[in-house]
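Asks: Heads up: the sequence shown at position 176 corresponds to 382 in our numbering, and the numbers run straight through without jumps. All C-beta atoms, glycine included, are put in the ideal place defined by N, C-alpha and C.
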Amino acid sequence: KRVAVIGGGSVAVDSAESALKLGARDVYLIYRRSYTQMPAEEDEKQGMLKAGIHFLLLNQPVDYVTGPRGRLRAVRLVRTELGDNDASGRRRPVEVPGSDWELPVDVVIEAIGAKPVSGAEAGYPSVKRTKGGLIVADPKTGATSAKMIFAGGDIVRGPALIIEAVKDGKAAAQAIQRRLQK
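(1) Would you decide whether Gln-266 is buried or exposed? Buried here means 16 or more other CB atoms lie within 10 Å of its CB.
(2) I think Ala-230 touches Lys-207, with their Cβ atoms under 8 Å apart; what is that distance to the nearest whole Å?
(3) What whole-angstrom Cβ distance do Pro-310 and Ala-280 have, given they're in contact under 8 Å?
(4) Using the DSSP secondary-structure output, state which residues sit across from Ala-210 in a beta bridge.
(5) Helix, strand or coil for Gly-295? Go by DSSP, reduced to three states.
(6) When you compare only the Cα positions, how much space is there between Ile-407 and Ala-210?
(7) Express the C-alpha separation of Leu-386 and Leu-340 in angstroms, rounding to a whole number.
(8) Which value, in whole angstroms, describes the spacing of the CA atoms of Arg-297 and Leu-264?
(9) Is it buried or exposed for Val-284, if we count other Cβ within 10 angstroms and need 16 for buried?
(10) Verify whether the separation of the beta carbon atoms of Gly-253 and Tyr-237 is less than 8 Å.
(11) Whole angstroms is fine: what's the gap from Arg-335's alpha carbon to Ala-357's?
(12) Given a threshold of 16 other Cβ atoms within 10 Å of its Cβ, counted over all protein chains shown, does Asp-374 qualify as buried or as exposed?
(13) Which same chain residues, not among the five before or five after Ala-371, have their C-beta less than 8 Å away from its C-beta?
(14) Taking only the alpha-carbon atoms, compute the straight-line gap between Leu-228 and Ile-259 and give it to the nearest angstrom.
(15) Rounded to whole angstroms, how far is the Cβ of Ala-218 from the Cβ of Leu-235, which I believe are closer than 8 Å?
(16) Please classify Leu-262: is it buried, with 16 or more other beta-carbons within 10 angstroms of its beta-carbon, or exposed?
(17) Would Ala-343 pass as a contact of Ala-349 if the rule is Cβ separation under 8 Å?
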């Protein structure tokens, strides 16, 4: 199998290395900025290079290409160049017009950073939040300050392991079921 991993942080590193260990023939790490701007640690990046993971830097995915039966065939990429600094202090990737191309792959793993949608709180003003924007929820049930709205995972605790989000989801599902049975 040919595996594309999208991202440049530690989760992308773990995903790429795991794909290789699980038998992927070729693993491509796709990152829209340069090597030096990748958030992964230097030893992680060097480890991937030594393991034979292909770096496709200054490339940004724009679409997935499927075959006639809907099976993934490729990821469509566009080359980028670095522009002015963005709010994070890193140089913003800018798409190079007419530079799109397709990378044939069998699997894509999206390992990119995730943040709450800006302005999402406006739709649920009764949901209490911390000063940092996280949702305040009961740690045992996921119940929020709004009736029948539950939350868990990173939106409650900040960046954490996926197992924590799974645990939160299970607890919330059980709490919802109990409320619906009343």
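Replies: Quick answer:
(1) In the sequence shown, the residue the question calls residue 266 occupies position 60. The residue is buried, with at least 16 neighbouring Cβ atoms inside 10 Å.
(2) As a working note, residue 230 is residue 24 in the sequence shown. As a working note, residue 207 is residue 1 in the sequence shown. That pair is a contact at about 5 Å.
(3) Counting from one through the sequence shown, the residue named residue 310 turns up at place 104. Counting from one through the sequence shown, the residue named residue 280 turns up at place 74. Sure, about 5 Å apart at Cβ, within 8 Å.
(4) Translated into positions along the sequence shown, residue 210 becomes position 4. Paired residue(s): Tyr-234, Val-314.
(5) Position 89 of the sequence shown holds residue 295. Three-state DSSP puts Gly-295 in coil, outside helix and strand.
(6) Summary: the structure shown does not reach residue 407, with the chain confined to residues 207 through 388, and so no result is reported for it.
(7) The residue given as residue 340 occupies position 134 in the sequence shown. The residue given as residue 386 occupies position 180 in the sequence shown. When rounded, the distance between both Cα atoms is 26 Å.
(8) By one-based count along the sequence shown, residue 297 stands at place 91. By one-based count along the sequence shown, residue 264 stands at place 58. Arg-297 and Leu-264: Cα-Cα distance of roughly 12 Å.
(9) Translated into positions along the sequence shown, residue 284 becomes position 78. By the 10 Å Cβ count, Val-284 comes out buried.
(10) Translated into positions along the sequence shown, residue 253 becomes position 47. Translated into positions along the sequence shown, residue 237 becomes position 31. For Gly-253 and Tyr-237, no; Cβs fall outside 8 Å.
(11) As a first step, residue 335 is located in the sequence shown; it is residue number 129 there, counting from the start. As a first step, residue 357 is located in the sequence shown; it is residue number 151 there, counting from the start. Each residue's Cα considered, the two are about 11 Å apart.
(12) Residue numbering aside, residue 374 sits at position 168 when the sequence shown is read from its first letter. So Asp-374 counts as buried.
(13) Mapped onto the sequence shown, residue 371 falls at position 165. Taken in chain order, the residues that qualify are Gly-358, Gly-359, Asp-360.
(14) Position 22 of the sequence shown holds residue 228. Position 53 of the sequence shown holds residue 259. Near 13 Å, if we compare the C-alpha coordinates of Ile-259 and Leu-228.
(15) Counting from one through the sequence shown, the residue named residue 218 turns up at place 12. Counting from one through the sequence shown, the residue named residue 235 turns up at place 29. Yes, Ala-218 and Leu-235 are in contact; Cβ-Cβ is about 6 Å, under 8 Å.
(16) For the purposes of this step, residue 262 is taken as residue 56 along the sequence shown, with counting starting at 1. Burial call: buried.
(17) Taking the first residue of the sequence shown as position 1, residue 343 is located at position 137. Taking the first residue of the sequence shown as position 1, residue 349 is located at position 143. The answer is yes: Cβ separation under 8 Å.
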